[in-house]
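Participant:
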Amino acid sequence: MAQKKISRYEDSDLYKIRHSAAHIMAQAVTELFPPGEAKVAIGPPIEDGFYYDFDLPRQLKPEDFPAIEKRMRAIIGGKFEFKKRVVSADEAKREFKGQPYKLELIEGLEKGGFDEYGNPLKEKPEISFYTHDSFTDLCRGPHVANTGQINPDAFKLMNIAGAYWRGDEKNKQLQRIYGTAWETAQQLEEYLWRQEEAKKRDHRKLGKELGLFYFSDDIGPGIPLFTPKGEMLRHIAENYIRETQTRYGFQHVWTANLVKEDLYKKSGHYDNYADVMFPPMVGDGVTYRLKPMNCPSHMTLFKEMGLHSYRELPLRFSEFATLYRYEKSGELTGLARVRTVTQDDCHTFCTEEQIGSECALTFKLFNEVFARYRFSSYVVRLSLRGEGGKYVKDPEKWDRAEAALRKALDENNVEYYEAEGEAAFYGPKADIIARDVLGREWQLSTFQVDFIQPARLGLTYIGEDNQEHTPVVLHRAVMGSTERFLAVIIEHFAGAFPVWLAPVQAVLIPIADRHTAYAQKVAEQLKAAGLRVEVNAGSDRMSAKIRDAQNQKVPYMLVMGDKEMESGAVALRLRSGEDLGAISVDAFLSRAKEDIEKGD
RNA sequence: GCCGACGUAGCUCAACGGCAGAGCAACCGCCUUGUAAGCGGUAGGUUAUGGGUUCGAUUCCCGUCGUCGGCUCCA
Numbered sequence: 354m355a356q357k358k359i360s361r362y363e364d365s366d367l368y369k370i371r372h373s374a375a376h377i378m379a380q381a382v383t384e385l386f387p388p389g390e391a392k393v394a395i396g397p398p399i400e401d402g403f404y405y406d407f408d409l410p411r412q413l414k415p416e417d418f419p420a421i422e423k424r425m426r427a428i429i430g431g432k433f434e435f436k437k438r439v440v441s442a443d444e445a446k447r448e449f450k451g452q453p454y455k456l457e458l459i460e461g462l463e464k465g466g467f468d469e470y471g472n473p474l475k476e477k478p479e480i481s482f483y484t485h486d487s488f489t490d491l492c493r494g495p496h497v498a499n500t501g502q503i504n505p506d507a508f509k510l511m512n513i514a515g516a517y518w519r520g521d522e523k524n525k526q527l528q529r530i531y532g533t534a535w536e537t538a539q540q541l542e543e544y545l546w547r548q549e550e551a552k553k554r555d556h557r558k559l560g561k562e563l564g565l566f567y568f569s570d571d572i573g574p575g576i577p578l579f580t581p582k583g584e585m586l587r588h589i590a591e592n593y594i595r596e597t598q599t600r601y602g603f604q605h606v607w608t609a610n611l612v613k614e615d616l617y618k619k620s621g622h623y624d625n626y627a628d629v630m631f632p633p634m635v636g637d638g639v640t641y642r643l644k645p646m647n648c649p650s651h652m653t654l655f656k657e658m659g660l661h662s663y664r665e666l667p668l669r670f671s672e673f674a675t676l677y678r679y680e681k682s683g684e685l686t687g688l689a690r691v692r693t694v695t696q697d698d699c700h701t702f703c704t705e706e707q708i709g710s711e712c713a714l715t716f717k718l719f720n721e722v723f724a725r726y727r728f729s730s731y732v733v734r735l736s737l738r739g740e741g742g743k744y745v746k747d748p749e750k751w752d753r754a755e756a757a758l759r760k761a762l763d764e765n766n767v768e769y770y771e772a773e774g775e776a777a778f779y780g781p782k783a784d785i786i787a788r789d790v791l792g793r794e795w796q797l798s799t800f801q802v803d804f805i806q807p808a809r810l811g812l813t814y815i816g817e818d819n820q821e822h823t824p825v826v827l828h829r830a831v832m833g834s835t836e837r838f839l840a841v842i843i844e845h846f847a848g849a850f851p852v853w854l855a856p857v858q859a860v861l862i863p864i865a866d867r868h869t870a871y872a873q874k875v876a877e878q879l880k881a882a883g884l885r886v887e888v889n890a891g892s893d894r895m896s897a898k899i900r901d902a903q904n905q906k907v908p909y910m911l912v913m914g915d916k917e918m919e920s921g922a923v924a925l926r927l928r929s930g931e932d933l934g935a936i937s938v939d940a941f942l943s944r945a946k947e948d949i950e951k952g953d
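Just so we're on the same page, our numbering is the position in the first sequence counted from 1, plus 353.
#1: By the 10 Å Cβ neighbour count, where 16 or more other Cβ atoms means buried, how is ALA379 classified, buried or exposed?
#2: Would you kindly check if the distance between the Cβ of VAL691 and the Cβ of LYS644 is under 8 Å?
#3: What does the alpha-carbon distance come out to for the pair LEU616 and HIS700?
#4: Grab the span of the alpha helix (DSSP H) containing GLN806 for me, first residue to last.
#5: Pull the bridge partners of PRO398 from the DSSP assignment, please.
#6: Using DSSP with H/G/I as helix, E/B as strand and the rest coil, what is ILE864?
#7: In three-state terms, what does DSSP make of VAL722?
#8: With a cut-off of 8 Å, do at least 3 Cβ pairs link the region 516–532 to the region 394–405?
#9: Taking Cβ to Cβ, would you say ILE377 is nearer than 8 Å to MET425?
#10: Using C-beta distances below 7 Å, list every residue in its chain close to LEU456, excluding the 5 sequence neighbours before and after it, in chain order.
#11: Assign PRO419 to one of two classes, buried (16 or more other C-beta atoms within 10 Å of its C-beta) or exposed (fewer than that).
#12: Let me know the secondary structure DSSP gives GLU384 once reduced to three states.
#13: So, with DSSP's three-state summary, where would you put SER736?
#14: Using only the alpha-carbon positions, how far apart do LYS553 and PHE850 sit?
#15: Residues in its own chain within less than 8 Å of GLY833 by CB, not counting five upstream and five downstream?
#16: By DSSP, does GLU512 sit in helix, in strand, or in coil?
#17: Within its chain, find whatever has a CB closer than 8 Å to the CB of ALA902; leave out the 5 residues flanking it on each side and keep chain order.
#18: Give the range of the beta strand (DSSP E) segment to which LEU643 is assigned.
#19: Using the C-alpha atoms, what's the distance from HIS372 back to ILE399?
#20: Under 8 Å, do VAL672 and TYR641 count as touching if we go by C-beta distance?
#21: Excluding five sequence neighbours on each side, which residues of the same chain lie with their C-beta closer than 6 Å to the C-beta of LEU942?
#22: Scan the region 541–618 and note each continuous beta strand (DSSP E) run of 3 residues or more that stays entirely inside, going in chain order.
#23: Should MET658 be labelled buried (16 or more other beta-carbon atoms within 10 Å of its own) or exposed?
#24: Going by beta carbon distance, what residues of the same chain come within less than 7 Å of SER569, once the five residues before and after it are set aside?
#25: Checking the sheet assignment: what are the DSSP bridge partners for HIS731?
#26: By DSSP, does GLN356 sit in helix, in strand, or in coil?
#27: Once the 5 residues before and after GLY921 are set aside, which same chain residues still bring their CB inside 6 Å of it?
#28: Roughly how many angstroms separate the alpha carbons of HIS661 and PRO807, rounded to a whole number?
#29: For the pair the region 824–844 and the region 677–684, tell me if three or more CB-CB distances fall below 8 Å.
#30: Give me, in chain order, the residues of the same chain whose beta-carbon lies closer than 6 Å to that of TYR744; leave out the 5 immediate sequence neighbours on both sides.
#31: For ALA940, which residues does DSSP report across the bridge?
#32: Just mark THR383 as buried or exposed, buried being the case when its beta carbon has 16 or more other beta carbons within 10 Å.
#33: Leaving aside the five residues before and after GLY816 along the sequence, list all residues of the same chain whose C-beta is less than 6 Å from its C-beta, in chain order.
#34: Using three-state DSSP, classify LEU491 as helix, strand or coil.
#35: Cutting at 6 Å between CB atoms, please list the residues of its own chain near TYR623, excluding the five before and the five after it.
#36: Report the three-state DSSP secondary structure of TRP795 (helix, strand or coil).
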């Protein structure tokens, strides 16, 4: 699926425009420095734009952008032809003498081994140059015919960031300039608007404005604090999953946050996951770790529960468990990436034959939940092990697990694309990547097949043949992590949660003091019916209270003055701005119930 | 962790070598209100933090912590 999309993009005009814009930017940047001082690395088109990596004598600043953009427009105005030339490796090396990154790339091409990102290539590629004006780059193209085909009003330099040469943190860090480029100025405007909209929806900003969660220097980085409203949101989201998966036959267990380190030596975490674990704690000569994953705990529980018959399987152990992961400081991002991560985790113990039906059950659950949250589409990534990376070495079990996962997906007609090097250390995964209303992709759910840990931890069940067998363990999460999921839905709904999810569903607005007692009475009535409501009994004007509720994105505003008090009614206003006038309390209740059921 | 930018009142932002300010929020009063901000007053700061330069530092320099944009990693 995704493969098709990428190949289409590579053939598009936009791709050529962005690729060419990258070359033009590289020319403009190198011209800022004396000849030979600026070293260039790579500069490909990317989604929405392009970048180019440089090794420069000085740090660039955003203040350099106007000059670079101006020079780029001049180069565009020159209508210089992009000329392709196929060359020998020797000739290429002569041309890029003094350009160490290019020389390294040429060597990779010469050996027929690697492309510009260091990925292995199947065939030995030809080496080609593209030249426009005075600038020549090692490049396989394609490009626009001449620089004049770039719209000078439809590109913009966006930001500067550090990036490792070939994406390897052991290599030198280069300066990367990101730019965006489009066919028309209007498309550029629309892109910038989308960026602005994303900024407005940023869950870190909305989290503060809606008073959902905080981070504190006194608590520590990556460790969120949830307010009553934020916790309500968490609770509703988790409880919804809990109730739904219970209906699907998942049971819940509880395991503690602290575990003996020895268990992680047996499970493989110690060898493959140690750098993500918080440092050890020692008491009475025993070394403990904060739990970074649930699997070993759930598997140990399975073992402690005695002999298991094949008749008990599949056995599904679910838990909303907070895990502790020592993420690198620079990786923390609001709720999307925290050090105390709560997973809606499940480990299903089953036979190899049951993998297919468990896969079906799980995807049915995913679909139901995604519909509830109005995620219109998702893609599935089959995450396989890759070269290098940390994986338990047991090729036979890996092959069996991969085959089993593929088969399960195929049997259930799940479409997927494959990605090497994305597997968990203990097995392959099917990762669900959902699209939000702005079209952004988020990895949420996962379904994983594990042949490794159950064997390492010595799990068994007694089969029909009265012999001991090792169960397969399926790892599964729906939200993935409560915190990240909240981040995603805050941005997805822009903070205007559907009624069923809104921490405060209705604000009651008495117009004057004499209406407050009536508002309190109605509030009690609504609470008794299970609604989450607040009374704004302050001395503000009604319109100020409405404004307040609007800003808090509360679904219903119930205004009450003399008229309503006399007739036992409430005047209903929706956050859309719609004024529905006075209705009875009962009429409001049935409307709210209807909205909740519909998922509005 | 790495590269860069940024940290001023609860929030959003001014001041940029010479007495640290505004709006909103909070608190107190007045108003008793009809669908997105009624009026007045009060209080709020060792300018993230530790050093340095200077007669004098929020402002310039260095370290630390944190946040942001990326890289790496990832639920």
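Glycine is no exception: its CB is placed at the ideal position from the N, C-alpha and C atoms.
Fair warning: this is a prediction, and the values are worked out from it, not measured in the lab.
Facilitator: Inspection of the coordinates gives the following:
#1: buried
#2: no
#3: 17 Å
#4: 806–809
#5: Partner residues in the beta bridge of PRO398, as assigned by DSSP, are PHE403.
#6: coil
#7: helix
#8: Of all C-beta pairs linking the region 516–532 to the region 394–405, three or more are shorter than 8 Å, placing the two stretches in contact.
#9: yes
#10: Taken in chain order, the residues that qualify are LYS446 and PHE449.
#11: exposed
#12: coil
#13: SER736 falls in the strand class under three-state DSSP.
#14: 15 Å
#15: So the list reads GLN696, ASP697, GLN796, LEU797, SER798 and THR799, once near-sequence residues are dropped.
#16: Checking the sequence, you will find Asn at residue 512 rather than Glu. Strand.
#17: VAL860, ILE862, ASN889, MET910 and ARG928
#18: 639–643
#19: 9 Å
#20: The amino acid occupying residue 672 in the given sequence is Glu; Val does not appear at that position. No; because the gap between Cβ atoms is not below 8 Å, this pair is not in contact.
#21: ALA882
#22: 566–568, 577–579 and 611–613
#23: exposed
#24: LEU578
#25: Checking the displayed sequence, the identity of residue 731 turns out to be Tyr instead of His. Partner(s): ALA787.
#26: Unreliable placement is indicated for GLN356, whose pLDDT of 42 sits below 50; the coordinate value is still reported in the next sentence. It is helical.
#27: none
#28: 14 Å
#29: no
#30: Closer than 6 Å at the Cβ level, and outside the excluded window around TYR744, lie ARG738 and PHE778.
#31: Under DSSP, ALA940 forms no beta bridge with any residue.
#32: buried
#33: Residues of the same chain with a CB within less than 6 Å of the CB of GLY816, apart from the 5 flanking positions on each side, are TYR663 and HIS822 in chain order.
#34: strand
#35: Only residues of its own chain outside the window of five on either side were considered, and among them TYR617 have a CB closer than 6 Å to the CB of TYR623, listed in chain order.
#36: strand
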